[in-house]
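Here the structure comes first, spelled out in structure tokens, and everything after it is commentary.
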Amino acid sequence: MTEKIVKPNWKIWRFDQMATNVNVRIDNPSESGMEYYIGLEHLDSDSLKIRRWGSPDDVAATKLMFKEGDIIFGRRRAYQRKLGVAEFDGICSAHAMVLRAKPEVVLPEFLPFFMQSDVFMNRAVEISVGSLSPTINWKTMAEQQFMLPPMEEQNRLVSALFSFDNLSNEMSIAHDKLRVSERAAIQFVLGQEHSWRIVKMKNIVKNIEAGKSPKASSLPAKPEQLGVLKVSAVGSTGYNPAENKTLLNPEDFVQDAIVRAGDFLVTRANAQPQGVARTCIVESSPSNLMLSDKTWRINFNEDAPPLDFILAWTKLPIFRSYIEALCSGTEAKNISQNKFLAGPMVDLTKDQREHMSHILKQTNIAKKMLIERNDVVKSMKQRFLQEIFGESFQ
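Residue numbers (this note's numbering): 42 to 435.
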């Protein structure tokens, strides 16, 4: 049996001594009087900042109420490492836990950082139950024991951890501003909308390839395993290969559906209209992943505009409003290939193509630099958390 190491002046606590599970259920979200809805799709892995949200009017079924300062923790598929700190009151998915720190044991500012540590996250994954969508039960979570530093040290560590998050948030804000500037530059080159020559998307598309969705576990594939993309692999910030599921039968892997660098991917379905026809360009991807039936790979004609421009176009209001108006489905929203191909596409002049190529080349360099620097900051923060909790009681 592994010896349990307790650091000097640190104490061991059950998780229910550290936090309260706030279980205020809302049966009719649209009548909650709240302005904000947070689903698991609105939480970013390894980020405490909540940057996106929906409306209670857009969801049904029972939800949970949260208050400003509460922690929203994705108890379903905990391996995704999703938790955020609420900066407003609202309601959230019942697949989350709403947690509130007990300040006599742990500082409210310190608890979310502790929950981002491998010590906590690995335990959360271990105690999850269910094969398709492993989920944490509060009763089991409450019994887990963890070691925490004294209040004085918590306070000192919070200052250091906040510095990492502040720097990361600044770069995320800069990235968002860069996207706004890119959109403004594109619209400037295109000129007034009434002067645009609009054709259909099918004019530039050679073909659409759809993947398959064989039986798979909920856990992501290891390097030696084979996996199929989840619809969330095409995320709001681009391609995320970690969003995949391990195939139960390796023989179901389709070689022609392997995800490759340079692929232009589109989601055909999502829980929310905003996620339908979400697009990305794959910069790199492991060779053990295949497309799902909810993800398309689009191949374009040789005379089509540059991929970077097509990507930017699919995020402009003229295209997004077309897609979201046509989404069908009472639960998951989806769009057919025919409807996607009938979508609007602008016909660029030669001069416009040249200007677009120059603009997008420069903004892509800047975006890549910001993403890489942000990744470094997140890695430094994770190493710091490992130094704090790496040898603590587990």
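The beta-carbon is built from N, C-alpha and C at its ideal position, and this holds for glycine as well.
Because the structure is a prediction, the values reported are computed rather than measured.
What span of residues does the alpha helix (DSSP H) with residue i cover, start to end?
i    : result
W286 : It is Lys, not Trp, that sits at residue 286 in the sequence shown. From DSSP, K286 is part of no alpha helix (DSSP H) but of the beta strand (DSSP E) over 285-287.
N379 : 378-382
V417 : 391-430
P153 : 152-156
F350 : 348-354
Rounding to the nearest angstrom, what Cα-Cα distance links residue i and residue j in this structure?
i    : j    : result
M331 : G252 : 7 Å
T308 : E223 : 23 Å
P49  : K419 : 28 Å
V221 : E292 : 44 Å
P264 : N329 : 7 Å
Q313 : A274 : 15 Å
V272 : V47  : 42 Å
L198 : N62  : 24 Å
G316 : G232 : 28 Å
D159 : E167 : 12 Å
I214 : E365 : 26 Å
K422 : V139 : 24 Å
I429 : A201 : 12 Å
S96  : E76  : 6 Å
A353 : S333 : 23 Å
G431 : S325 : 31 Å
E72  : P144 : 32 Å
D99  : N311 : 13 Å
Q427 : F155 : 10 Å
S433 : R122 : With a pLDDT of only 47 at S433, under 50, the local geometry of the prediction cannot be trusted, and no value is derived from it.
N248 : H399 : 27 Å
R93  : R361 : 17 Å
F341 : V417 : 35 Å
Y280 : T181 : 34 Å
H216 : D392 : 27 Å
G384 : N69  : 35 Å
S377 : D304 : 20 Å
G276 : A257 : 20 Å
Y363 : N210 : 32 Å
F229 : N405 : 18 Å
E82  : S259 : 16 Å
How many whole angstroms separate the CB atoms of residue i and residue j, which I take to be in contact at a CB cut-off of 8 Å?
i    : j    : result
T287 : P261 : 7 Å
G115 : L124 : 6 Å
E284 : L270 : 7 Å
M212 : R414 : 6 Å
T176 : R117 : 5 Å
S169 : A137 : Their Cβ separation, rounded to whole angstroms, is 14 Å, which puts S169 and A137 out of contact at 8 Å.
I355 : A298 : In the sequence as displayed, the identity of residue 355 is Thr instead of Ile. Going by Cβ atoms, the distance from T355 to A298 rounds to 22 Å, so no, they are not a contact pair.
P346 : R394 : 6 Å
A407 : L219 : 6 Å
Can residue i and residue j be called in contact, C-beta distance under 9 Å?
i    : j    : result
A127 : I112 : yes
L306 : V323 : yes
W54  : P191 : no
P153 : L89  : yes
L382 : V246 : yes
S134 : L173 : no
K409 : D349 : no
Q195 : D87  : no
L289 : P327 : no
K497 : M397 : The displayed coordinates of the chain run from 42 to 435. Any statement about residue 497 would go beyond what the structure contains.
F187 : F161 : yes
F107 : D85  : no
V146 : Q58  : yes
A60  : R164 : no
I227 : L411 : no
F56  : E184 : yes
T320 : I351 : yes
N375 : K335 : yes
I91  : I132 : no
D472 : N178 : Because the chain in this structure spans residues 42 to 435, residue 472 falls outside the shown range and cannot be described.
Tell me which residue opens and which closes the beta strand (DSSP E) that residue i is part of.
i    : result
E250 : 246-251
W54  : 52-55
I168 : Where I168 is concerned, there is no enclosing beta strand (DSSP E), given that its DSSP letter is neither H nor E.
P358 : No beta strand (DSSP E) contains P358, which is instead part of the alpha helix (DSSP H) from 358-367.
A137 : 137-142
I339 : 336-341
P385 : 385-387
T278 : No beta strand (DSSP E) holds T278; DSSP gives it neither H nor E.
F305 : 305-308
L270 : 268-270
V240 : 239-241
G131 : 131-133
I322 : 320-322
### Task
Enumerate, from N- to C-terminal direction, the unbroken beta strand (DSSP E) stretches of 3 or more residues contained entirely within the segment 174-236.
186-189
### Task
Entirely within the segment 49-123 and at least 3 residues each: give me those beta strand (DSSP E) ranges in chain order.
52-55, 60-62, 104-107, 112-115
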